[in-house]
Amino acid sequence: MWLVPPPTQGQALIVRDSAWAESQAPAYDRPVNPNLYLIRPGEVLTVTFLKTSLSNLRLAVNAEGKLVHSTLGMYDLRGMTLTQVRQRLQEPLARQYNAREIDISIGAPTMVTITVLGAVALPGSYQGWTSQRVSDMITVAGGLTSDGSSRRILFSGGPVSIPVDLDRATYLGQDSLNPRLYAGYRIEVPYRSEARVQVIGEVQRPREIELLPGDSVASLLKMAGGVSRSVAEPVIELLGQQGKRLNGSDVVSGGEIIGVRDARIGASQPILIMGEVMTPGQYPAQVELTLAQAIQKAGGTTAGANLSRVTVFRQAETEAWSKVEQFRYAIDGLTHNGDMMSFALRAGDSVVVPRVLGFVKVSGLVVRATVVPYATGKTAGYYINAAGGVLPKADRTEVNLTNRITNLSSRVDVSTQVQDGDEITVVPLEATP
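Numbering (numbering that gives the first Met the number 0), first residue to last: 0 to 432.
Okay, here's the thing in structure tokens:
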């Protein structure tokens with residue numbers, strides 16, 4: 000890989016020396032962790048003999064990862080960290096140079112080759128500086144795919160495999176979760192898990208966030224950019240549950256929706272539009288505002304929107320969030336379905352435009368708990384058969400069907416049609432009296 004563009008035909012090749020290359024490297028923005036810093040071929044170590052008149056000693060690691068010196072001897076440093084190299088060379092250096100206090104340090108950032116695999120646009124091997132971070136190499140590899148995880152990345156090849164969480168690093172300032180490249184060789188980006196929450200309403204960046212163990216409401220709000228500056232009295236609620244207000248230390252489950260509103264708005268609550276729209280957030284409630292008009296105010300739907308599963312939540316007099324209606328219509332339903340066009344929203348309504356997942360989850364007493372590709376119009380029985388069928392003690396006529404948007408479960412017949420993203424749970428056959 001070229002550090003500078005290759006010369007065109009007839010153009011003289013510009014030769015740069017190592018000093019020029021080092022001048023292009025970004026400086027370390029934090030102190031290096033010697034327990035993680037890998038010593039690699041080409042590394043030049045500086046040995047300083049403290050409280051002596053001895054000059055500094057420069058030791059180069061050869062292409063085999065070995066240090067070869069005419070008087071010190073030969074040392075295999077492959078896979079060692081800076082801390083381990085210091086321990087390995089301390090005694091022979093002290094003996095050879097009759098020095099008690101010795102420091103071994105590294106120089107300027109060096110160029111290394113990093114392999115980036117998984118859910119990125121352009122997987123492959125790329126060169127970067129040891130002072131750069133994992134996020135920089137993911138950017139070089141074209142960035143995450145639409146379904147790539149920003150929170151469960153693994154950086155390996157060094158003394159330990161390091162979990163990478165770019166959301167916490169970016170929004171919570173936890174730099175150790177976006178490590179520098181000196182600590183490994185390989186970046187693996189998985190696909191996002193099904194455990195996700197949406198944070199919408201009066202936050203700086205309404206978004207869907209992959210949920211990990213240890214995430215609290217407070218941390219999820221920070222990962223959505225924090226509460227909007229204009230909100231003096233934020234109210235944090237769990238949409239879809241009876242009057243469920245949340246504290247910062249609370250935890251939520253995958254599939255749930257956290258809504259933030261301004262308590263001062265009172266009866267004139269805005270309409271929340273979340274999910275697969277271009278600009279999710281709060282919008283002023285207007286008289287006779289229809290669902291279609293509200294979605295257009297939010298910039299329209301994204302390419303991944305599932306228009307057959309748009310759901311409206313409405314706040315009751317008791318401030319309990321309850322499901323009002325779930326509309327099922329075709330992709331062009333907003334322009335051809337008269338009932339949909341005329342459905343009037345009210346102040347405080349929340350509109351969820353889910354994305355197309357393309358699968359149905361099957362669990363419980365089945366031969367193989369799995370996800371099955373979604374097929375329009377298919378029944379619960381179809382997906383159960385695709386999972387290998389039921390086990391001997393299973394109920395063969397009814398299952399639990401969970402709506403992924405409302406998180407509500409109901410007992411249904413196996414002939415019931417299933418919608419995209421829902422979960423079928425095969426339950427035991429209840430004993431007859």
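No residue lacks a Cβ here, since even glycine has one placed at the ideal position from N, Cα and C.
Could you compute how far the alpha carbon of residue i sits from the alpha carbon of residue j?
| i | j | result |
| --- | --- | --- |
| S175 | G376 | 48 angstroms |
| Y382 | G363 | 13 angstroms |
| D249 | E232 | 18 angstroms |
| R403 | D28 | 43 angstroms |
| A346 | T396 | 42 angstroms |
| S227 | T82 | 45 angstroms |
| L92 | K50 | 15 angstroms |
| L344 | E287 | 7 angstroms |
| I257 | V196 | 7 angstroms |
| S155 | Y181 | 11 angstroms |
| G172 | F48 | 37 angstroms |
| V370 | L88 | 54 angstroms |
| R15 | G253 | With a pLDDT of 38 at R15, under the threshold of 50, the modelled position of that residue is not reliable, and no figure is offered here. |
| G380 | V413 | 5 angstroms |
| T378 | L306 | 20 angstroms |
| V352 | T289 | 15 angstroms |
| R204 | W128 | 31 angstroms |
Taking all protein chains shown into account, do 16 or more other C-beta atoms lie within 10 angstroms of the C-beta of residue i, making it buried, or fewer, making it exposed?
| i | result |
| --- | --- |
| N177 | buried |
| Q131 | buried |
| M277 | exposed |
| N34 | exposed |
| R260 | buried |
| A94 | Note that residue 94 is Arg in the sequence shown here, rather than Ala. Label assigned to R94: exposed. |
| D146 | exposed |
| G420 | buried |
| S149 | buried |
| E422 | buried |
Among the candidates the options, whose CA atom is the shortest distance from the CA of residue i?
| i | options | result |
| --- | --- | --- |
| S54 | T45, N61, V352 | T45 |
| S134 | A107, D166, P158 | D166 |
| G106 | D419, L306, P30, G274 | P30 |
| L390 | V365, A24, G41, Y170 | V365 |
| A297 | Q418, Q281, R87 | Q281 |
| L245 | V230, L180, L219, P33 | L219 |
| T80 | E42, N97, E90 | E42 |
| G388 | T424, L143, V417 | T424 |
| K360 | V398, D164, N32 | V398 |
| R151 | G142, I113, A140, V163 | V163 |
Is any heavy atom of the ligand NAD found at a distance shorter than 8 angstroms from the C-beta of residue i?
| i | result |
| --- | --- |
| S148 | Inclusion of the ligand NAD in the displayed structure is not the case, the ligand content being empty and no account of it being possible. |
Residues in the same chain with beta-carbon distance under 7 angstroms from residue i, minus the five sequence neighbours each way, listed in chain order, please.
| i | result |
| --- | --- |
| V251 | V196, V216, L237, I257 |
| P372 | G357, F358 |
| A59 | V43 |
Quick one: residues in its chain with C-beta nearer than 6 angstroms to the C-beta of residue i, no 5 flanking neighbours on either side, listed in chain order?
| i | result |
| --- | --- |
| A262 | E232, V234 |
| V84 | I38, L76 |
| G183 | F154, S155, G156, G157 |
Between which residues of its own chain and residue i is the CB-CB distance below 8 angstroms, once the five residues before and five after are set aside?
| i | result |
| --- | --- |
| K392 | L364, P427, L428 |
With a cut-off of 9 angstroms, does the C-beta of residue i fall near any C-beta of chain C?
| i | result |
| --- | --- |
| Q416 | Considering every chain present, this structure includes no chain C. It has just one protein chain. |
Three or more beta-carbon pairs under 8 angstroms between the segment 189–196 and the segment 223–236, yes or no? no
I want to know whether the segment 116–132 touches the segment 63–80 - three or more CB-CB distances under 8 angstroms. no
Okay, do the segment 268–284 and the segment 198–213 touch, 3+ Cβ pairs below 8 angstroms being the bar? Proximity of the segment 268–284 to the segment 198–213 meets the contact definition, three or more beta-carbon pairs being nearer than 8 angstroms.
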